[in-house]
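In this note's numbering, the protein residues as written are 4 to 286. Structure first, then comments.
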Ligand SMILES: Nc1ncnc2c1ncn2[C@@H]1O[C@H](COP(=O)(O)OP(=O)(O)O)[C@@H](O)[C@H]1O
Ligand SMILES: [Mg+2]
C-alpha cells in the first residue's frame, strides 16, 4: 500500500530575506521532493549545500522568501508554511535543551506545545523510555554525555508526535561510539514507524537501502538509494565521488571484491553491511 504523503515541495526555491546577509542569494533552488509516512531520508551534502535550510523549511521555521508550492497532508493542502511544525534536533547537544533533567526538558517541550496536563507525564516518560533514557529521567543534564543529551533532545521531539523527526547533523559533535549509538536508536524508532529525515555529511552513516537526497549548491542532485551513490555514473565516476565524497570502507572493500569476481548486491556502504553481505554471500 502506498504510504500517506506528508509533504510535497514543487519547484521550491528559497532566498534569504535579511537585507544584511546576501540578500537575493538562493539558498535552495528548484526543489522537487515528496516525503511519505514511514520513510527514512538521509540528506547528504557538504558544508553550505543547503541541508539546514531544507530542514528549516520542513520544520516550518524559515525567515526566507519562498517560491513554488509547498503542499502538506494527504489531500495536498497548499501552504507556504508547514503547519504542525516538526521540531529539529540540532548539531550541538546543548542547543535544544532547556530543562535541568531529561524529564523536565520533555515536560517543558510538551507544555510549550499545549498538550493537556493529564497527558504530559505519560507522554514524557514514554518518549524517554523509547530513546533508551528510562533509567536517567531525573539525572542532571550537565552530567549526561553528548550522546545522552542528543537522545534527550530526540525524546522531546518524539513526545510531541511530529509528522516527522528532523535531525540536522545530530552526530556532528559526538565521538564515534556515541554517534553509532544515537544512530542505532533513531534507526529503531524508524523501524517502529517514525518518519525520519537524517542530515549528515558522513557517508559512513548511510545504509545501502536509505533514500539519499544529495544536495549541492542548494539543489537536489541525487535522489536514489544509497547503494547507487558509489556505482555507475556517466563519466565513469560515481555520483558520490563526483560531488566530492570519498567512498566509505564498505564500498572500497566491495569494489576490491568485485575486481575478483565477487559481486555484493546491493553494494554495502558501511562495515556492518559489508560483514553481513560477505557472511551471506552465495547463500
Ligand atoms: N538566513 C540566511 N541568510 C543568508 N544566507 C544564508 C542564511 N542561512 C544560510 N545561508 C547560506 O546559505 C547556504 C546554505 O546554508 P545551510 O542550509 O546552512 O547549509 P548546510 O546546512 O548544508 O551547511 C550557505 O551558503 C549559507 O551561508
Ligand atoms: Mg547545516
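We put the CB at the ideal spot given by N, CA and C, even for glycine. Since this is a predicted model, take the numbers as computed values, not measurements.
Grouping DSSP H, G and I as helix and E and B as strand, with all else coil, what is residue 209?
DSSP places residue 209 in coil when its eight states are reduced to three.
Name the DSSP bridge partner or partners of residue 48?
Beta-bridge partners of residue 48 (DSSP): 218.
When the Cβ atoms of the stretch 186-197 are set against those of the stretch 99-116, are three or more pairs found closer than 8 Å?
Judged by Cβ distances under 8 Å, the stretch 186-197 makes no contact with the stretch 99-116, as fewer than three pairs qualify.
Does the Cβ of residue 28 lie closer than 7 Å to at least one heavy atom of ligand 1?
Residue 28 Cβ: within cutoff of ligand 1.
Which one of 168, 92 and 226 has the shortest CA to CA distance from residue 194?
Among 168, 92 and 226, the Cα nearest to that of residue 194 is on 168.
Taking all protein chains shown into account, do 16 or more other C-beta atoms lie within 10 angstroms of the C-beta of residue 262, making it buried, or fewer, making it exposed?
Counting the other Cβ atoms within 10 Å of the Cβ of residue 262 gives fewer than 16, which makes it exposed.
When you measure from the CB of residue 55 to every non-hydrogen atom of ligand 2, does any distance come out below 7 Å?
Under cutoff, so the answer is yes.
At least 3 beta-carbon pairs within less than 8 Å: the stretch 6-16 vs the stretch 43-54
Here the stretch 6-16 makes no contact with the stretch 43-54; the two share fewer than three CB pairs at distances below 8 Å.
So is the beta-carbon of residue 52 under 7 Å away from any non-hydrogen atom of ligand 1?
Yes, the beta carbon of residue 52 sits closer than 7 Å to at least one heavy atom of ligand 1.
Is there at least one non-hydrogen atom of ligand 2 closer than 7 Å to the beta-carbon of residue 208?
No, ligand 2 has no heavy atom inside 7 Å of this Cβ.
Compute every distance between the C-beta of residue 48 and the non-hydrogen atoms of ligand 1, then say whether any falls below 7 Å.
For ligand 1, at least one heavy atom lies less than 7 Å from the Cβ of residue 48.
Three-state secondary structure (DSSP) at residue 11?
It is a strand residue.
Distance, Cα to Cα, residue 68 vs residue 218?
About 19 Å.
Cα-Cα separation between residue 144 and residue 215, rounded to whole angstroms
When rounded, the distance between both Cα atoms is 33 Å.
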